[in-house]
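First the structure, in the form of structure tokens, and then the observations on it.
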Amino acid sequence: MKKAIIPIAVFVLIAALGFVIVYLNGADKRFSIPGRAEQEKQIQKLGYQVGELDQKMMAKAGVQPYTELFAVKSLTDKKANLNMDVNYVYRDCSSAADATSIMSDYYAYAVYLKKSGDAKGKIKTVSDAKHGRACILYNVSVPDSFFLSDFVMRASTGNLFSDKETISYIYGGIYLDGTRIVNITTTNGLKSKEINAALKELGLPTP
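Residues in the sequence shown are numbered consecutively from 157, following my numbering.
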């Protein structure tokens with residue numbers, strides 16, 4: 157993986173610039189990302205516990221504190237949270253610029269999968285510059301995943317360090333709304349209905 161770090165970084169930068177262009181000129185898509193209480197409710201409704209980044213630790217490390225909630229199987233056993241097939245991460249960033257920067261990486265991954273020819277299914281990207289919103293909707297599989305495609309799938313689904321041989325399926329969405337970003341996806345086709353229901357309850361577009 158080390159050999160590909162530079163090419164991946166260059167690819168992400170180029171595609172991120174593409175995101176800015178699309179984001180500034182994109183079509184209107186009206187939705188809003190609900191706040192902390194609703195996100196916690198949906199994480200628990202999906203059968204997970206709510207994890208959170210330690211604000212004090214971030215402050216000590218010199219990082220501007222921001223809210224980050226995520227779904228976990230266990231708050232005490234880290235091994236239980238390895239190779240989860242549902243990724244649910246909610247962030248309320250310190251600024252809209254920070255949130256857009258995170259979203260641009262996700263967008264870069266989506267653009268790569270669209271153009272690579274490896275993906276089978278649907279990837280939809282939508283943006284609304286006027287209201288500071290964007291979303292990426294996935295219902296896609298990569299049956300013959302090459303190195304870069306596998307990296308992109310892992311990064312998009314929060315499974316970057318998974319010991320699974322490949323990540324071959326994504327269903328769900330990644331959304332930007334001002335300072336807020338939420339990634340609600342699954343790598344398990346059997347859980348797509350649960351993810352769909354959660355997105356609908358949150359008032360977010362579905363794949």
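By construction, the Cβ of each residue, glycine as well, lies at the ideal position given by its N, Cα and C atoms.
- Contact between the stretch 303 to 312 and the stretch 250 to 265 is present: three or more C-beta pairs spanning the two stretches fall below 8 Å.
- Taking the Cα positions, residue 250 is about 27 Å away from residue 201.
- For residue 336, the enclosing beta strand (DSSP E) has its first and last residue at 336 to 342.
- Close CB contacts of residue 237 within its chain, under the 7 Å cut and outside five residues either way in sequence, are with 228, 229 and 230 (chain order).
- Put simply, the backbone Cα of residue 234 is about 16 Å away from that of residue 244.
- The stretch 246 to 285 is shown to contain whole alpha helix (DSSP H) runs of 4 or more residues at 252 to 272, in chain order.
- Excluding five sequence positions before and after residue 207, the CB atoms of its chain that fall closer than 6 Å to its own CB belong to 226 and 228, given in chain order.
- According to DSSP, residue pairing for residue 333 in a beta bridge involves 289 and 336.
- The three-state secondary structure of residue 326, taken from DSSP, is strand.
- CA-to-CA, the gap between residue 342 and residue 223 works out to about 22 Å.
- Residue state for residue 312 is assigned as helix, using DSSP reduced to three classes.
- The three-state secondary structure of residue 237, taken from DSSP, is helix.
- In the three-state reduction of the DSSP assignment, residue 297 falls in the strand class, which pools E and B.
- Separation of residue 272 and residue 279 (C-alpha to C-alpha, rounded to the nearest whole angstrom) is 12 Å.
- Residue 359 is positioned such that its CB atom lies closer than 8 Å to that of residue 187.
- In the three-state reduction of the DSSP assignment, residue 226 falls in the strand class, which pools E and B.
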